[in-house]
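Let me begin by presenting the structure, written as structure tokens, before commenting on it.
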Amino acid sequence: MGCVLAITAPGQGAQTPGFLEAWLELPGVTERLTWWSAVTGLDLIRYGTTADADEIRDTAVAQPLLVSAALIAYEVLDVKPGLVAGHSVGELAAAAMAGVISPEAALVLARERGRAMAEAATVTETGMTAVLGGDPGEVQTVLKEHGLTPANMNGAGQVVAAGTMEQLAALKDRPPSGARLRSLQVAGAFHTVHMRPAVDTLQRITPGMPVADPGIQVLSNRDGAVVGRGEDFVARLAEQVSNPVRWDSCMETMTDLGVTAIIELPPAGTLAGIARRALPGVEVVALKTPDKLDQARILAEASPSDDTLENA
Numbered sequence: 001m002g003c004v005l006a007i008t009a010p011g012q013g014a015q016t017p018g019f020l021e022a023w024l025e026l027p028g029v030t031e032r033l034t035w036w037s038a039v040t041g042l043d044l045i046r047y048g049t050t051a052d053a054d055e056i057r058d059t060a061v062a063q064p065l066l067v068s069a070a071l072i073a074y075e076v077l078d079v080k081p082g083l084v085a086g087h088s089v090g091e092l093a094a095a096a097m098a099g100v101i102s103p104e105a106a107l108v109l110a111r112e113r114g115r116a117m118a119e120a121a122t123v124t125e126t127g128m129t130a131v132l133g134g135d136p137g138e139v140q141t142v143l144k145e146h147g148l149t150p151a152n153m154n155g156a157g158q159v160v161a162a163g164t165m166e167q168l169a170a171l172k173d174r175p176p177s178g179a180r181l182r183s184l185q186v187a188g189a190f191h192t193v194h195m196r197p198a199v200d201t202l203q204r205i206t207p208g209m210p211v212a213d214p215g216i217q218v219l220s221n222r223d224g225a226v227v228g229r230g231e232d233f234v235a236r237l238a239e240q241v242s243n244p245v246r247w248d249s250c251m252e253t254m255t256d257l258g259v260t261a262i263i264e265l266p267p268a269g270t271l272a273g274i275a276r277r278a279l280p281g282v283e284v285v286a287l288k289t290p291d292k293l294d295q296a297r298i299l300a301e302a303s304p305s306d307d308t309l310e311n312a
């Protein structure tokens, strides 16, 4: 059998200044982003080209920008993978790629999600710190001792701790042995109880949103499961804002489904790096710029049909 292809969409923190500039040279991209700018009420073209790092770090900007970047690259790529998955806000892009919601609905959700999470982050001063390496069991024990939440379980020896600034300061003073710490430039403790108000916002607005069952297998950050009903996936999207991201479980499911190739959509790099460490033997393309499109399409050409994957 040929390769089984997964397409992934990254989460907040992957964005870098100017990362969309090369994509705007492709036919139709400017027009599409102009329309999506109207949908989101944000100048996505400016934010993706000339805005500085501080501007695109803003949660209310970063989330719609990341979803639009993933979706525009997916449209340009024009292939159908065996499965899709997104990390954190990338799940909204994955939902659109799978046909659960429209691209416009994904962008509206990203807009409202970003605003609500930014507002929730103002209630208490919180943050996130990547914990790299160390014994996995000890890392979990130390985080629990400090009252921190393992908000992202990314696999490949990477856990993101989230909580109050006081708790993170205590972690810095007493880290797990053998682990390196890296403070993340985010507005607050995402995927923790501190984000509960944002969950309430999404649960209020999603019941009236048109939803369909996925046409492509789509994985959930909650537990890595393949979710077969669109309504279930949307419910998970709302709840996930205050629940840990289990990207490690998503990669385990990819292994179980026989994934042999992964394309990470822009701004690519983070998930590709994790996959290269955690999934040896899987071919990975980080689709940072359009010059990687041909390489990505070669992988896609070897991908089996959905029926082949489901019966594998």
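Numbering-wise (my numbering), the sequence shown opens with residue 1 and increments by one.
Idealized CB from N, CA, C, for every residue including glycine.
- In this structure, the CA atom of THR16 is about 32 Å from the CA atom of ARG204.
- For SER102 and ASP78, the gap between their C-alpha atoms comes out near 16 Å.
- By the neighbour-count criterion, in which 16 or more other beta carbons inside 10 Å mark a residue as buried, ILE298 falls on the exposed side.
- Sorting LEU42, VAL39, ALA98 by C-alpha distance to the C-alpha of ALA9 places ALA98 at the top.
- Residue pairing from DSSP places GLN158 in a beta bridge opposite LEU132, GLY155.
- Between GLY163 and the set ALA156, ALA151, ARG276, LEU83, the nearest pair of CA atoms involves ALA151.
- Counting along the chain, the unbroken alpha helix (DSSP H) around LEU44 starts and ends at 44-49.
- The stretch 129-138 makes contact with the stretch 160-180; the number of CB pairs closer than 8 Å reaches 3 or more.
- Apart from sequence neighbours up to five positions away, no residue of its chain approaches ASP200 with a beta-carbon distance below 6 Å.
- Leaving aside the five residues that flank ALA156 on each side, the residues in its chain whose CB is nearer than 7 Å to its CB run, in chain order, ILE274, ARG277, ALA278.
- Minimum Cα-Cα distance from PRO197 among the listed residues ALA62, ALA118, VAL259 corresponds to ALA118.
- Approximately 19 Å separates the beta-carbon atoms of ALA225 and LEU5; this is outside 8 Å, ruling out the contact.
- If you compare the alpha carbons of ALA187, PRO207, LEU24, ILE7 with that of GLU55, the shortest gap goes to ALA187.
- Taken in chain order, the complete alpha helix (DSSP H) segments of 4 residues or longer contained in the stretch 221-253 are 230-240.
- With 16 or more other CB atoms across the displayed protein chains lying within 10 angstroms of its CB, ALA60 is buried.
- Boundaries for LEU184: no alpha helix (DSSP H) harbours it, and the DSSP string shows neither H nor E there.
- ALA9: not part of any alpha helix (DSSP H); member of the beta strand (DSSP E) spanning 5-9, first to last residue.
- A Cβ-Cβ distance of about 7 Å is found for the pair MET128 and ALA161, placing them in contact under the 8 Å criterion.
- Annotation for GLU125: MET165 place their beta carbon closer than 6 Å to its own, counting only its chain and skipping 5 residues before and after.
- Under a 10 Å Cβ-count criterion, GLY13 is classified as buried, with 16 or more other Cβ atoms of the shown protein chains found around its own Cβ.
- ALA286 and TRP247 have their C-alpha atoms roughly 17 Å apart.
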